[in-house]
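> Its first residue numbered 1173, the sequence shown is counted upward by one per residue in the numbering used here.
The following block contains the structure, expressed as structure tokens.
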Amino acid sequence: MVPGEAAPPGPGSPRGSAEGAAAGRKQRAAARRKVRVASEGINGTVGGSKVATSLYIKVMLSQPLFKNILCQEDFKTSAGGAHCFPDLRVGVFKEIVPMGIDPKIVSYKETGIHLSPQEFHREVEQYLSQATQGQSDTILLDCRNFYESKIGHFQGCLAPDIRKFSYFPSYVDENLELFKDKRVLMYCTGGIRCERGSAYLRSKAVCREVYQLKGGIHKYLEEFPDGFYRGKLFVFDDRYAICSNEDIISACRYCGVLWDQYKLCSSQHCRQLVLTCPSCCNKGLTACCPVCQEKELKVASRASGQTLKEECECTRRRPRVPIEHGSPRMLDTGKD
Ligand SMILES: [Zn+2]
Ligand SMILES: [Zn+2]
Ligand SMILES: [Zn+2]
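This is the structure in structure tokens:
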């Protein structure tokens, strides 16, 4: 069963101590959240004070519905707080994570073999030593989106240039040859996308074996803060990234200086993230690409605020389904 995810405790004074539904109401201001509930399980991130988040975990664990699904170690913690989540969103969905495939067709029950952080670490170590000699039969697959792997990833991974997880199945379909007879070591942020992604990959029956990192990068970093994962861990909230080591593996889009702090593109209708360093920002380079930069100038010079299309260079030059040519590229830098 797919477990629940992340409960980042953060600074803040503890308030309220009631349990159950009342606790939910009382703690709402302190524990804001984003949660997906599906028949496969529950997945989400909440933020609040240490007291609020541990109370949340306690309530979740005591809820009869989740009795055989959740255990303490399914929750991952990181620095943060309620301020990371501007609103409260809880929803019932078909899928625990939006892959776009009916769970009745590809079930989490058909998932890859779970590896603990220690087991995964050993596998990566072995893979890296073989890969440098060009004799590996293994693919280390990062199944997250391109902007996530760009600022942090496992050394030597294959990181698909996909914008959304819902493109992952098409990516697999288009690159089946690549996975043929391979052992695949798969990972994602908290292990949830792998629950579905590995099941999808296995359903193609081309890989020799599919393994996945249980608890994802989150759990790995708890055990190996200075291991084979380098750079930051992207998170889908106002923090954008959390870090366990000081490495910066990505660069400013404009000047190329090492930089890994994302900002939203300054163009009004664009939702792309951009890596632009403070000095480039000061020069007004605040958009994700020249197309957006130009739009911004036009908007600024036009008072009407007319609606502009959301497409920009960044989305156009990144095809829906990237095709890997030949042997998988080894990703060691986060450069675009
Ligand atoms: Zn720069
Ligand atoms: Zn943009
Ligand atoms: Zn752009």
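C-beta: ideal position from N, C-alpha, C; glycine also.
The model shown is predicted, which means the values in this text are computed figures rather than measured ones.
(1) Report yes if the C-beta of Cys-1449 is less than 7 angstroms from at least one heavy atom of ligand 1; otherwise report no.
(2) Can you determine whether any heavy atom of ligand 2 sits closer than 7 angstroms to the C-beta of Gln-1444, and answer yes or no?
(3) Closer than 7 angstroms: is that where the CB of Val-1278 sits relative to any heavy atom of ligand 1?
(4) Relative to ligand 1, is the shortest distance from any of its heavy atoms to the C-beta of Cys-1484 smaller than 7 angstroms?
(5) Please work out which residues of its chain come closer than 7 angstroms, Cβ to Cβ, to Glu-1191, disregarding the five sequence neighbours upstream and downstream, and give them in chain order.
(6) Name the DSSP beta bridge partners of Thr-1217, please?
(7) Taking 7 angstroms as the cut-off, is the C-beta of Tyr-1426 nearer than that to any heavy atom in ligand 1?
(8) Locate the beta strand (DSSP E) running through Leu-1445, then write down its first and last residues.
(9) Is there at least one non-hydrogen atom of ligand 1 closer than 7 angstroms to the beta-carbon of Val-1429?
(10) Taking three-plus beta-carbon pairs below 8 angstroms as touching, is the stretch 1331-1338 in contact with the stretch 1284-1300?
(11) Is the beta carbon of Cys-1366 closer than 8 angstroms to that of Leu-1385?
(12) Does the Cβ of Ser-1439 lie closer than 7 angstroms to at least one heavy atom of ligand 2?
(13) Per DSSP, what are the beta-bridge partners of Phe-1406 in this structure?
(14) Following the continuous beta strand (DSSP E) through Asp-1432, name the residue where it begins and the one where it ends.
(15) At a threshold of 7 angstroms, does Cys-1461 count as lining ligand 2 (C-beta to nearest heavy atom)?
(16) Given a threshold of 16 other Cβ atoms within 10 Å of its Cβ, counted over all protein chains shown, does Asn-1347 qualify as buried or as exposed?
(17) Can you find a heavy atom of ligand 1 that lies under 7 angstroms from the Cβ of Cys-1452?
(18) Around the C-beta of Gly-1456, are 16 or more other C-beta atoms found within 10 angstroms, so that it is buried, or is it exposed?
(19) How long is the line joining the alpha carbons of Pro-1494 and Glu-1485, rounded to whole angstroms?
(20) Is it a yes or a no for the stretch 1429-1442 touching the stretch 1356-1365, going by three-plus beta-carbon pairs under 8 angstroms?
(21) Please report the Cβ distance between Phe-1406 and Ile-1323, rounded to the nearest whole angstrom; I am assuming they are in contact, meaning their Cβ atoms lie under 8 angstroms.
(22) Compute every distance between the C-beta of Cys-1464 and the non-hydrogen atoms of ligand 3, then say whether any falls below 7 angstroms.
(23) So Tyr-1280 packs on Glu-1212, CB below 8 angstroms; how close in whole Å?
(24) How long is the line joining the alpha carbons of Gly-1216 and Gln-1244, rounded to whole angstroms?
(25) Expressed to the nearest angstrom, what Euclidean distance is found between the alpha-carbon atoms of Gly-1428 and Phe-1326?
(26) Taking the CB atoms as reference points, tell me whether Phe-1238 and Ile-1214 lie closer together than 8 angstroms.
(27) Are the beta-carbon atoms of Cys-1460 and Gln-1444 separated by less than 8 angstroms?
(28) CB-CB under 6 angstroms to Phe-1522, same chain, minus the five flanking residues each way: which ones, in chain order?
(29) Count the other CB atoms within 10 Å of the CB of Gly-1253; is the residue buried (16 or more) or exposed (fewer)?
In terms of the structure at hand:
(1) Against the sequence shown, residue 1449 aligns to sequence position 277. Result yes, Cβ under 7 angstroms from ligand 1.
(2) The sequence position of residue 1444 within the sequence shown is 272, counting from 1. Within the cutoff, so yes.
(3) Here residue 1278 corresponds to residue number 106 of the sequence shown, with the count starting at 1. The answer is no for Val-1278.
(4) Residue numbering aside, residue 1484 sits at position 312 when the sequence shown is read from its first letter. In terms of side-chain proximity, the C-beta atom of Cys-1484 is found no nearer than 7 angstroms to any non-hydrogen atom of ligand 1.
(5) Working through the sequence shown from its first residue, we reach residue 1191 at position 19. Annotation note: pLDDT 24 at Glu-1191 (below 50); position unreliable, no value reported.
(6) Looking up residue 1217 in the sequence shown gives position 45. Paired residues: Lys-1206.
(7) Against the sequence shown, residue 1426 aligns to sequence position 254. Yes, ligand 1 has a heavy atom inside 7 angstroms of this Cβ.
(8) Locating residue 1445 in the sequence shown gives position 273, where the first residue counts as 1. Counting along the chain, the beta strand (DSSP E) containing Leu-1445 begins and ends at 1445-1447.
(9) Within the sequence shown, residue 1429 is the residue found at index 257, counting from 1. Correct: Val-1429 has its Cβ closer than 7 angstroms to ligand 1.
(10) no
(11) Within the sequence shown, numbered from 1, the residue matching residue 1385 stands at position 213. Within the sequence shown, numbered from 1, the residue matching residue 1366 stands at position 194. Against a cut-off of 8 angstroms, the Cβ pair of Cys-1366 and Leu-1385 comes out as a contact.
(12) Here residue 1439 is taken as the residue at index 267 of the sequence shown, counted from 1. Checking every heavy atom of ligand 2 against the Cβ of Ser-1439, one is found closer than 7 angstroms.
(13) Taking the sequence shown and counting its residues from 1, one reaches residue 1406 at position 234. According to DSSP, which records beta bridges pairwise, Phe-1406 is partnered with Ala-1413.
(14) Indexing the sequence shown from 1 puts residue 1432 at position 260. From DSSP, Asp-1432 is part of no beta strand (DSSP E); its letter is neither H nor E.
(15) If you number the sequence shown from 1, residue 1461 lands on position 289. Cys-1461 Cβ: within cutoff of ligand 2.
(16) Within the sequence shown, numbered from 1, the residue matching residue 1347 stands at position 175. Buried, because 16 or more other Cβ atoms sit within 10 Å of the Cβ of Asn-1347.
(17) To locate residue 1452, count along the sequence shown from 1; it is residue 280. Yes.
(18) Here residue 1456 refers to the residue found at position 284 when the sequence shown is read from its first residue. Per the 10 Å Cβ criterion, exposed.
(19) As a working mapping, residue 1494 is identified with position 322 in the sequence shown. As a working mapping, residue 1485 is identified with position 313 in the sequence shown. Cα-Cα distance, rounded: 16 angstroms.
(20) no
(21) By 1-based counting over the sequence shown, the position of residue 1406 is 234. By 1-based counting over the sequence shown, the position of residue 1323 is 151. That pair is a contact at about 6 angstroms.
(22) As a first step, residue 1464 is located in the sequence shown; it is residue number 292 there, counting from the start. Indeed, a heavy atom of ligand 3 lies less than 7 angstroms from the Cβ.
(23) One-based indexing of the sequence shown puts residue 1280 at position 108. One-based indexing of the sequence shown puts residue 1212 at position 40. About 5 angstroms separates the two Cβ atoms, so the contact holds.
(24) By one-based count along the sequence shown, residue 1216 stands at place 44. By one-based count along the sequence shown, residue 1244 stands at place 72. Using only the alpha carbons, I get a separation of about 15 angstroms.
(25) Start at 1 with the first residue of the sequence shown, and residue 1428 comes out as number 256. Start at 1 with the first residue of the sequence shown, and residue 1326 comes out as number 154. Each residue's alpha carbon lies about 22 angstroms from the other.
(26) Counting from 1 along the sequence shown, the entry for residue 1238 is found at position 66. Counting from 1 along the sequence shown, the entry for residue 1214 is found at position 42. Against a cut-off of 8 angstroms, the Cβ pair of Ile-1214 and Phe-1238 comes out as a contact.
(27) The residue given as residue 1460 occupies position 288 in the sequence shown. The residue given as residue 1444 occupies position 272 in the sequence shown. Yes, these two residues count as a Cβ contact at 8 angstroms.
(28) One cannot answer for residue 1522 here, as it falls past the ends of the chain, which runs 1173 to 1508.
(29) What you label residue 1253 is simply residue 81 of the sequence shown in a count that begins at 1. Buried: at least 16 other Cβ atoms inside 10 Å.
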